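Student: In terms of the working numbering, the sequence shown opens at residue 1 and continues consecutively.
Mind having a look at this structure? Questions to follow.
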Amino acid sequence: MASQHAARTHAQASPHSAADSTNPAQPETKAAAQQRKPGPNSQSESSTSVPNSTGMAKPGPRRPRPRRAVRPSGGPATPKTPAGPTASSAPTESTGSTSASSADNAAQKQPEKAETVTKHPYVALTLQTTGIHPSTGRIVTIDAVAFDNAGDIGQRFHAVLKPDIDAGPHHLHGLTVADIEQAPAFSRILKSLDKLIDGRTLVVHDIPYTWGFIVAEARRAMMTAARQNRARNRGRNKGKRRRQKVGHMPAPVRIIDTLATSYAQGVRSNDVRLRGVAKQNGLDADPKATVERARRPEQETSREETELLIQLYQHQQRGPVRSYAPDDVRADRFGLQRSHVRVDAAEAPVQHHNPGKYEPGKELRRGMEIVVTPEILEDPDTIISALMREELNYSEKLTREASLVVCNVTTDLVGKAMHAQRKGIPLMSDAAFLDALTRIEDPTTARRQPPQKSGGNNQSKSQKRRRRRGGRGRGRRNSGGSAPKNNA
């Protein structure tokens, strides 16, 4: 009995029992199990047993658990450290130093970013897309270059993207199927694009198209990331991926449109693409497609377009420049970024019934449907605001119900002006239209036709036909003619 008690005491005091010292793969013997089984008179080190009046052992009080330290609200979280003599404040100090170093790095990057933006405050950006509407199309390539007033080049950016729809034929963008399949999604390059555009003046050609695609793609990426993060919070993607942060909407200071600037300066081009407008402005550019250009790498041709955009912007600095703030434009139903005045006018309800087409030499009447083309010297928002104040109806699309088209061009017409001439809709210049708005008439002030006299030649054909037939409707049977039959 004493030997068994000594064996039990030795097994409790040592960290490993005799059975543990053996091979763990071998099963425990019956004798060893009996030796490890505590007897009725054995005592435990972790708890004391006190016999009660019935002779049964009464368990002693349990050792209380240590309370967890409560972190004050808003304080930094303390990492978990293993209990024991090796636990110290060293991990906490290293974490604090790491966070402090990251904060120092972020503080150092801000002056560097500001210095970079000050050195090259402009960024020119060109795109290649699968369509003309941002609501249905996708971006295939992006090329951007930062520069200053003297034309010195700074940071460069180029990306080929993989759209979630058909990218189109090879001759459209110069990319192969393998190039597109290996390209990243727009969400992967949004952060880099934000760093390049934020705080700078963005120079684009045709702001509704270019800025419209940038905004549409950024919103899609942010909405997709938000949906995945919500699913992760609900536990659907638990353990798969961490919280996604794709970036934010690019925030330029101003957006300069070289196409609108060309119209404002009176430089007209039937080809509104970048190369066509640059050629009309006197720059060395050929808008025609060639086999030699089609064989060149896509990145080389895209960078050439961006550099041509910089040259066009510098050439247009001698005249009025059309620029917009990002908050001055919003998407229309096609995703094109247009001014608030234009989008609100296109979505406004009809104020009066359309009295018909405008007759040259007469006055405008309220309710007429007006279409404004880009071939004018005045700001289109000024024209649209003026016609809406006079209770005319604005239409973005030219139809046969249009009453008048505001356009300064009368020869070699293209676009809306060409279709208006084919449909017999009159044209009027912007200055003449603003002057005509001062003499506008109400729809009720139109000339009334004099009342027609009854009888004679003023009778309609139906009235004459009834007179020959001898009446109207069922009354014709009793208005003369043959007498009814007598069946008696």
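Cβ atoms here follow ideal geometry from the backbone N, Cα and C, with glycine treated the same way.
Only a predicted model underlies this, so the values are computations on that prediction, with no experimental measurement involved.
Consult DSSP for E375 and reduce its assignment to one of helix, strand or coil.
Tutor: In the sequence shown, the residue the question calls residue 375 occupies position 375. Looking at E375 - three-state DSSP - the assignment turns out to be coil, as it is neither helix nor strand.
Student: Taking 8 Å as the cut-off, is the beta-carbon of Y263 closer than that to any non-hydrogen atom of the ligand ADP?
Tutor: As far as ligands go, the structure on display features none, and thus does not contain the ligand ADP.
Student: Taking its Cβ as the centre, do 16 or more other Cβ atoms sit within 10 Å of R342, making it buried, or is it exposed?
Tutor: Within the sequence shown, numbered from 1, the residue matching residue 342 stands at position 342. Its Cβ being crowded by 16 or more others within 10 Å, R342 is buried.
Student: Express the C-alpha separation of A124 and V203 in angstroms, rounding to a whole number.
Tutor: Taking the first residue of the sequence shown as position 1, residue 203 is located at position 203. Taking the first residue of the sequence shown as position 1, residue 124 is located at position 124. Their backbone Cα atoms lie some 5 Å apart in a straight line.
Student: Would you mind giving the Cβ-Cβ distance between V405 and V350, rounded to the nearest angstrom? I have them listed as a contact below 8 Å.
Tutor: Taking the first residue of the sequence shown as 1, we reach residue 405 at position 405. Taking the first residue of the sequence shown as 1, we reach residue 350 at position 350. About 18 Å; that fails the 8 Å criterion.
Student: For L437, tell me which candidate among L392, P426 and L413 has the shortest Cα-Cα distance.
Tutor: Position 437 of the sequence shown, counted from the start, is the residue given in the question as residue 437. Answer by Cα proximity: L392.
Student: My parser needs the beta strand (DSSP E) runs of 3 or more residues fully inside the stretch 261-333; what are they?
Tutor: List check, beta strand (DSSP E) in window: 329-331.
Student: Select from A251, T141 and L364 the residue whose C-alpha is nearest the C-alpha of E390.
Tutor: The count along the sequence shown starts at 1 and reaches residue 390 at position 390. Of A251, T141 and L364, the residue nearest in Cα terms is L364.
Student: Would you tell me roughly how many angstroms separate the C-alpha atoms of G424 and K195, rounded to the nearest one?
Tutor: One-based indexing of the sequence shown puts residue 424 at position 424. One-based indexing of the sequence shown puts residue 195 at position 195. Spanning the two alpha carbons is a distance of roughly 51 Å.
Student: Tell me the DSSP bridge mates of V160?
Tutor: Indexing the sequence shown from 1 puts residue 160 at position 160. Answer is T141.
Student: Between the C-alpha atoms of T78 and Q228, what's the straight-line distance to the nearest angstrom?
Tutor: In the sequence shown, counting from the first residue as 1, residue 78 sits at position 78. In the sequence shown, counting from the first residue as 1, residue 228 sits at position 228. Here the model assigns T78 a pLDDT of 44, short of 50, so the residue's position is not dependable, and the following value carries that caveat. Going from the Cα of T78 to the Cα of Q228 covers about 29 Å.
Student: Label I132 either buried or exposed according to how many other C-beta atoms from any shown protein chain fall within 10 Å of its C-beta, with 16 as the threshold for buried.
Tutor: Within the sequence shown, numbered from 1, the residue matching residue 132 stands at position 132. When all chains shown are included, I132 counts as exposed.
Student: As a quick exercise: from V117, G174 and P111, pick the residue whose alpha carbon is nearest that of V291.
Tutor: Walking along the sequence shown from the start, residue 291 turns up at place 291. That would be G174, whose Cα lies nearest to the Cα of V291.
Student: Please tell me whether A213 and I165 are closer than 9 Å, where the distance is taken between their beta carbons.
Tutor: Here residue 213 corresponds to residue number 213 of the sequence shown, with the count starting at 1. Here residue 165 corresponds to residue number 165 of the sequence shown, with the count starting at 1. What sits at residue 213 in the sequence shown is Phe, not Ala. No, these two residues do not count as a Cβ contact at 9 Å.
Student: If you check the beta carbons only, do H158 and Q317 fall under 9 Å apart?
Tutor: Counted from its first residue, the sequence shown places residue 158 at position 158. Counted from its first residue, the sequence shown places residue 317 at position 317. In this structure, Q317 does not lie closer than 9 Å to H158 by Cβ.
Student: Only counting the same chain, and skipping five residues up and downstream in sequence, which positions put a Cβ closer than 8 Å to that of D328?
Tutor: Here residue 328 is taken as the residue at index 328 of the sequence shown, counted from 1. Same-chain partners within the cutoff: S339 and H340.
Student: Going by CA-CA distance only, name the one from L259, H315 and A221 that's closest to A210.
Tutor: For this step, residue 210 is matched to residue 210 along the sequence shown. According to the sequence shown, residue 210 is Thr rather than Ala. It is L259 whose Cα lies nearest to the Cα of T210.
Student: Might you give, ordered along the chain, the residues of its own chain that have their beta carbon closer than 6 Å to the beta carbon of A251, omitting 5 neighbours on each side?
Tutor: Stepping through the sequence shown from its first residue, residue 251 is reached at position 251. D198, listed in sequence order.
Student: Relative to the alpha-carbon of T373, which residue among G247, E347, N354 and A402 has its alpha-carbon at the smallest distance?
Tutor: Within the sequence shown, the letter at position 373 stands for residue 373. Measuring from the Cα of T373, the nearest candidate turns out to be A402.
Student: Secondary structure at M428, three-state DSSP: helix, strand or coil?
Tutor: Locating residue 428 in the sequence shown gives position 428, counting from the first residue. M428 falls in the strand class under three-state DSSP.
Student: Taking the alpha carbon of T129 as the point to measure from, which residue in D379, K119 and G168 has its own alpha carbon closest?
Tutor: On the sequence shown, residue 129 is found 129 positions in, with the first residue counted as 1. Ranking the options by Cα distance to T129, first place goes to G168.
Student: Can you tell me which residues form a DSSP beta bridge with S395?
Tutor: Residue 395 sits at position 395 when you count from the first residue of the sequence shown. According to DSSP, which records beta bridges pairwise, S395 is partnered with nothing at all.
Student: Looking only at its chain, what residues have a beta carbon closer than 6 Å to the beta carbon of Q280, apart from the 5 residues adjacent to it on each side?
Tutor: For this step, residue 280 is matched to residue 280 along the sequence shown. Excluding residues within five positions, the ones whose Cβ falls inside 6 Å are V267 and S269.
Student: In whole angstroms, give me the CA-to-CA distance for V414 and A225.
Tutor: Indexing the sequence shown from 1 puts residue 414 at position 414. Indexing the sequence shown from 1 puts residue 225 at position 225. Approximately 43 Å between the Cα atoms of the pair.
Student: The alpha helix (DSSP H) spanning S385 covers which residue range?
Tutor: Mapped onto the sequence shown, residue 385 falls at position 385. First-last of the alpha helix (DSSP H) with S385: P380 to R389.
Student: Mind checking R422: buried by the 16 CB within 10 Å criterion, or exposed?
Tutor: As a working note, residue 422 is residue 422 in the sequence shown. Exposed, since its Cβ has fewer than 16 Cβ neighbours within 10 Å.
Student: So, at 6 Å on beta carbons, what are the nonlocal neighbours of A346 in its own chain, with the 5 sequence-adjacent residues on each side left out?
Tutor: On the sequence shown, position 346 is the one that residue 346 refers to. Cβ neighbours of A346 beyond the five flanking positions: E396.
Student: Here's a check: name, in chain order, each residue in its chain whose Cβ is nearer than 6 Å to the Cβ of K357, leaving out the five neighbours to either side.
Tutor: Locating residue 357 in the sequence shown gives position 357, where the first residue counts as 1. Answer for K357: S403, listed in chain order.
Student: Relative to the alpha-carbon of A114, which residue among Q182, R200 and D430 has its alpha-carbon at the smallest distance?
Tutor: Working through the sequence shown from its first residue, we reach residue 114 at position 114. With distances taken between Cα atoms, A114 lies closest to R200.
Student: Any idea what DSSP makes of Q34, helix, strand or coil?
Tutor: By 1-based counting over the sequence shown, the position of residue 34 is 34. Interpretation of Q34 is limited by its pLDDT of 49, a score under 50 that renders its predicted location unreliable; the figure taken from the coordinates is listed afterwards. Three-state DSSP puts Q34 in a helix.
Student: Could you tell me which residues DSSP puts in a beta bridge with R365?
Tutor: What you label residue 365 is simply residue 365 of the sequence shown in a count that begins at 1. DSSP, once it has assigned bridges, lists E441 as partnering R365.
Student: Could you check what DSSP says for I197 in three-state terms: helix, strand or coil?
Tutor: In the sequence shown, the residue the question calls residue 197 occupies position 197. I197: helix per DSSP, three-state reduction.
Student: With 16 as the cutoff for other CB atoms within 10 Å, does R400 come out buried or exposed?
Tutor: In the sequence shown, counting from the first residue as 1, residue 400 sits at position 400. Exposed, since its Cβ has fewer than 16 Cβ neighbours within 10 Å.
Student: For S385, I'd like the list of residues in its chain whose CB is within less than 7 Å of its CB, leaving aside the five on either flank, ordered along the chain.
Tutor: If you number the sequence shown from 1, residue 385 lands on position 385. The residues are V341.
Student: What residues in its chain sit with their C-beta under 8 Å from that of E378, if we drop five residues either side in the sequence?
Tutor: Stepping through the sequence shown from its first residue, residue 378 is reached at position 378. If we look at E378 and ignore the five residues flanking it on each side, its Cβ neighbours are D430, A431 and L434.
Student: Report the rounded CA-to-CA distance for M368 versus P443, giving the unit in angstroms.
Tutor: Residue 368 sits at position 368 when you count from the first residue of the sequence shown. Residue 443 sits at position 443 when you count from the first residue of the sequence shown. Rounded to the nearest angstrom, the two C-alpha atoms are 9 Å apart.
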